[in-house]
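Enquirer: Questions regarding the structure given below will be posed in turn.
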Amino acid sequence: YARARNLHACAKVVAGACGGRLPQCEKELRALPGIGAYTSAAIAAIAFNQRAAAVDGNVERVIARLCAMKTPLPAAKAEIRARLEEILPDDRPGDFIQAMMDLGAGICTPRSPLCEECPWGSLCAARASGLTGVLPLKARAASRPTRFGNAFVLEDDAGRILLRRRPGKGLLAGMMETPGSDWTAMPPATPGEGAPAAAAWQAVPGKVIHVFTHFRLELAVSRARIASALGIEGTWVAPSALRETALPTLFAKVIAHAREQEAREG
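For the sequence shown, position 142 (counting from the first letter as 1) is numbered 204 according to this note's numbering, and the numbering increases by one without interruption.
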């Protein structure tokens with residue numbers, strides 16, 4: 063979702079401030095919305111044949127093994143980029159970067175690398191020291207903290223479900239959601255915290271669990287039906303139209319959880 067928003071923002075800047083032409087310089091590319099270190103370097107090198115060190119996962123693995131780097135990822139990223147810049151040629155740098163990516167994807171693979179077929183086999187420090195199976199090293203992933211919240215599935219007398227749009231910045235920015243409480247380190251003080259309206263809320267047994275990159279989310283779900291939607295902020299969406307709505311997987315799970323309980327109760 064964020065990629066689509068960034069792509070649109072980037073296109074507007076290119077069409078306006080850049081006069082309809084994509085910059086060729088890595089630094090200028092990096093300044094565009096949604097374009098980070100890897101993408102700016104990859105565009106500069108591959109599209110414009112600029113000498114730019116584009117480092118993806120495949121290139122990381124090749125360089126880490128070639129140099130037998132003992133620093134674990136992600137701390138080794140700066141060192142890997144520096145080593146790549148040392149060997150990056152002035153002539154056809156884009157082809158060199160793509161060759162490095164292909165080498166990592168097809169030969170210097172994460173498991174069972176084909177060292178006998180590698181054109182750099184005789185130069186590889188990891189192969190010489192028998193470390194290809196353990197490099198690159200990776201730091202132990204930190205455990206994800208758990209956050210808690212309430213989620214509410216409210217239907218009107220026509221069976222439409224209340225949705226709201228999330229803020230324009232932050233996680234799942236601008237997407238639709240079922241109403242709910244904030245997500246915090248402790249469970250909400252009451253089951254009704256964050257409810258969009260006064261209603262005969264029924265707690266749905268069980269929880270909805272969703273794992274984001276940096277945290278695990280546990281939602282308690284309540285459902286209710288009201289006769290009138292007047293005065294309630296949000297958008298009422300028929301169940302048949304949910305697929306056409308910008309509804310993240312998390313909130314689709316919330317609605318499914320509530321409706322499954324409704325079906326069990328008949």
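Yeah, the Cβ is synthetic: ideal placement off N, Cα and C, and Gly gets one too.
On a predicted model such as this, the values are computed, not experimentally measured, just so you know.
DSSP beta-bridge partners for Trp-182?
Expert: Answer is none; Trp-182 lacks a bridge partner.
Enquirer: Label Thr-275 either buried or exposed according to how many other C-beta atoms from any shown protein chain fall within 10 Å of its C-beta, with 16 as the threshold for buried.
Expert: Exposed, because fewer than 16 other Cβ atoms sit within 10 Å of the Cβ of Thr-275.
Enquirer: Is the CB-CB distance between Ala-104 and Ala-115 below 7 Å?
Expert: No. Outside cutoff.
Enquirer: Looking only at its chain, what residues have a beta carbon closer than 6 Å to the beta carbon of Ala-213, apart from the 5 residues adjacent to it on each side?
Expert: Only Thr-240, Gly-242, Leu-281, Val-283 and Val-316 meet the Cβ criterion.
Enquirer: Compare the Cα-Cα distances from Ala-300 to each of Ala-109, Ile-294 and Arg-222 and report the closest residue.
Expert: Here the closest residue by C-alpha is Arg-222.
Enquirer: Tell me which residue opens and which closes the alpha helix (DSSP H) that Phe-158 is part of.
Expert: That run of the alpha helix (DSSP H) goes 155–168.
Enquirer: Kindly indicate which residue of Glu-147, Asn-68, Arg-285 and Phe-158 has the alpha-carbon position closest to the one of Ala-330.
Expert: Because the chain is modelled from 63 through 328, residue 330 falls outside the range shown and cannot be assessed.
Enquirer: Quick one: grab the DSSP three-state call for Arg-287.
Expert: Strand.
Enquirer: Report the residue from Arg-127, Ala-73, Gln-323 and Pro-151 whose alpha carbon sits nearest the alpha carbon of Asn-111.
Expert: Ranking Arg-127, Ala-73, Gln-323 and Pro-151 by Cα distance to Asn-111 puts Pro-151 first.
Enquirer: Using 8 Å for Cβ pairs, my map puts Arg-228 next to Ala-220. What's the rounded Cβ distance?
Expert: Contact doesn't hold; Cβ gap of about 24 Å is too wide.
Enquirer: Mapping the DSSP letters down to three states, classify Arg-226 as helix, strand or coil.
Expert: Three-state result, Arg-226: strand.
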